[in-house]
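> First residue of the sequence shown? That's 179 in this note's numbering, and the numbers climb one at a time after it. One structure, as structure tokens, below. Some questions next.
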Amino acid sequence: MPYVMPSHPAPPGAPPPRTGRGGRWSHGVRRLAAVVALVTGAALAGPGTAGAAPAEPMADGARTAAALERVTAFGANPGNLNMYVHRPPALPSNTPVVVALHGCTQSAQVYSDNSGLDTFADRHGFLVVYAETTTANNANKCFNWFQPGDTRRGQGEAASIRQMVAHAATAYGTDVDQVHVTGLSAGGAMTSVMLAAYPEVFAAGAVVAGIPYGCGVDVVSAFGCMSPGTDRTPAAWAQAVRDAHPGFTGPWPRVAIWHGDNDPTVVPRNADELRDQWTAVHGLGQSPDRTSTVGPNSTRRSEYLSAGGGSVVEVNRVPGIAHGTPVDPGTGGEQCGATGTQHFIDSICSSHWITRFFGLDGSTAPEPPVDPPTEPTACWTADNYEHVRAGRATTTGGHVYAKGSGLHLGLYNTFVTHTLKESPAGHYVLADGTCP
């Protein structure tokens, strides 16, 4: 991904960098990226090592950070990645595993310290495998989710992560039928890669502020995927997934999508495109079968159900946050994480809900209540300027996007007019000619 990988927008007027041989950055681009990272405050602490202090300070009430265990020999490593694990003190046999992929400028230790995943690994007894990239791969330590040499089955970073899963099965006795993957930003985009390239390996995945598989194939297209986003039909998105592993017929992984409503870096329309991709892969429509609100901030959840009634795709739209992993520091049962570094936002403990979506919390609690259709549908017809002024839409890069759904409405001016429908509250969709 470009040197701003999605953790940081490009500085005004900065030209996109160019790739070098083998999909790696040239020396000159690496130096430029390092300078940009430093002047924008993007440089974070490096990876943790055994016996090291926490990479970042912890918020009050958060769990005590513990150094990860580094695995130095896990097999074939064509992507030149590092492997770390968080192993609960009493790890049961045949345990599930969650692969965690950090965001740009971060490290495995930073993600471990702040995301809250280790809290639930200790509580429910599963192994967390943290894959980590380095500046040798990408100047801003982003997973190369847009480089074909790193995103195809059997190649590069994707193959290294697959090998970590295989090593976990032999070294720690993990259950090969209970493997899951999640990640933030570039790690979220790489989560999409792993679900598409190795659908037989992963039972489920959770993409946090990420991008659909097959969106970017080079630096220029990667910028466009991040913002304003790329609009394709559900069928086209689904075909990209099927092409990643030709001949595979399922079962396909279940997918949870998490995205902040106010994310200016990886714009919210990516949540819609991810939904389109994975509902189409599962042969489902794009209208939710069930909606609800969860967490202390009323995160809006839309669920897409299989014929048997199980949730196979869900979209969680987190109100009021920008680009990052939603966390909720504290010691309550639904709290987790820390906000001691960038891109971990005090909001809702997404790791709690992701753990539940993966089926790792042993919960037999009923599904969240379905929101009753008590509010009448509200519609507004106005120009794009007025929609933004009234709070029904947001503007990024001269373009306008409906708040909540992230649908592209066109240029930010008074000449483009649309009708927006609000349902549920705070969630606007395009309704030209269809709103009652």
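We put the beta carbon where it would ideally sit given N, CA and C, even for glycine. Every value quoted in this text rests on a predicted model; they were computed, and no experiment measured them.
1) Using a Cβ-Cβ cut-off of 7 Å (strictly less than) and excluding sequence neighbours within five positions of D328, which residues of its own chain qualify?
2) Between the alpha carbons of P466 and T250, how many angstroms are there, rounded?
3) Identify every residue that forms a DSSP beta bridge with P466.
4) DSSP three-state call for C403: helix, strand or coil?
5) Could you check what DSSP says for Y606 in three-state terms: helix, strand or coil?
6) Closest to V288 by C-alpha separation, out of T572, Q520 and W456, would be which residue?
7) Taking the beta carbon of D409 as the centre, do at least 16 other beta carbons fall within 10 Å, making it buried, or is it exposed?
8) Taking C-beta to C-beta, are G515 and S293 nearer than 8 Å?
9) CA-CA distance, V597 and F535?
10) Looking at the structure shown, is F298 part of a helix, part of a strand, or coil, going by DSSP?
11) Which runs of the beta strand (DSSP E) spanning at least 3 residues fall entirely within the segment 243–308, listed in chain order?
12) Roughly how many angstroms lie between the CA atoms of E481 and V354, to the nearest whole one?
13) Could you tell me the boundaries of the alpha helix (DSSP H) in which S480 lies?
14) According to DSSP, simplified to helix, strand and coil, what is H521?
15) For S489, write down the residues that DSSP places opposite it in a beta bridge.
16) Determine, using beta-carbon pairs with one atom in the segment 391–410 and one in the segment 434–453, whether at least three such pairs fall under 8 Å.
17) Would you say the segment 312–319 touches the segment 383–400, given that touching needs at least three Cβ pairs under 8 Å?
18) Whose C-beta lies closer than 6 Å to the C-beta of M368 among residues of the same chain, with five residues either side of it excluded?
19) What separation, rounded to the nearest whole angstrom, lies between the Cα atoms of R495 and A458?
20) If I follow the unbroken alpha helix (DSSP H) through G515, where does it start and stop?
21) Apart from the five residues on each side of it in sequence, which residues of its chain come closer than 7 Å, Cβ to Cβ, to A413?
22) How close, in whole Å, do the beta carbons of G584 and R447 come, if the pair is a contact with beta carbons under 8 Å?
23) Might you give, ordered along the chain, the residues of its own chain that have their beta carbon closer than 6 Å to the beta carbon of T595, omitting 5 neighbours on each side?
24) Note down the Cα distance separating S541 from H530, rounded to an integer number of angstroms.
25) Indicate whether V359 and M342 have their beta-carbon atoms separated by less than 8 Å.
26) Using a threshold of 8 Å, state whether the C-beta atoms of V263 and V307 are closer than that.
27) Measure the C-alpha to C-alpha separation of A192 and N272 and round it to an integer number of angstroms.
28) Mark L567 as exposed unless 16 or more other C-beta atoms lie within 10 angstroms of its C-beta, in which case mark it buried.
29) Considering Cα atoms alone, identify which of T503, N591, P504 and L259 is closest to S338.
30) May I ask you to report which of helix, strand or coil DSSP gives T597?
31) Rounding to the nearest angstrom, what Cα-Cα distance links A485 and R432 in this structure?
32) What's the gap between the Cα of G425 and the Cα of C527?
33) Measure the alpha-carbon distance for V505 versus V397 and round it to whole angstroms.
34) Between P270, I523 and E492, which lies nearest to S470 when the distance is taken from Cα to Cα?
35) Just mark G394 as buried or exposed, buried being the case when its beta carbon has 16 or more other beta carbons within 10 Å.
36) So is A245 buried or exposed if we call it buried at 16+ other beta carbons inside 10 Å?
The structure says:
1) G201, G257, N322, G334, E335 and A336
2) 44 Å
3) None; P466 has no bridge partner.
4) In the three-state reduction of the DSSP assignment, C403 falls in the helix class, which pools H, G and I.
5) strand
6) Considering only T572, Q520 and W456, the residue with the shortest C-alpha distance to V288 is Q520.
7) exposed
8) Against a cut-off of 8 Å, the Cβ pair of S293 and G515 comes out as a contact.
9) Inspection of the sequence shows that residue 597 is occupied by Thr rather than by Val. So the two alpha carbons sit approximately 35 Å from each other.
10) helix
11) 247–249, 260–264 and 273–279
12) 26 Å
13) Here S480 belongs to no alpha helix (DSSP H); instead the beta strand (DSSP E) covers T477 to L483.
14) Three-state result, H521: coil.
15) L483
16) At 8 Å Cβ cutoff, the stretches touch.
17) no
18) Counting only Cβ-Cβ distances below 6 Å, and skipping sequence neighbours, we find L279, F321, W323 and G361.
19) Near 20 Å, if we compare the C-alpha coordinates of A458 and R495.
20) Run containing G515: none; DSSP gives neither H nor E here.
21) A458
22) A Cβ-Cβ distance of about 4 Å is found for the pair G584 and R447, placing them in contact under the 8 Å criterion.
23) D561
24) 11 Å
25) no
26) Yes; because the gap between Cβ atoms is below 8 Å, this pair is in contact.
27) Its pLDDT being 37, under 50, A192 is placed unreliably by the model, and the measurement read from it follows with that caveat. A192 and N272: Cα-Cα distance of roughly 50 Å.
28) What sits at residue 567 in the sequence shown is Arg, not Leu. That one is exposed.
29) L259
30) strand
31) 14 Å
32) 37 Å
33) 30 Å
34) E492
35) buried
36) buried
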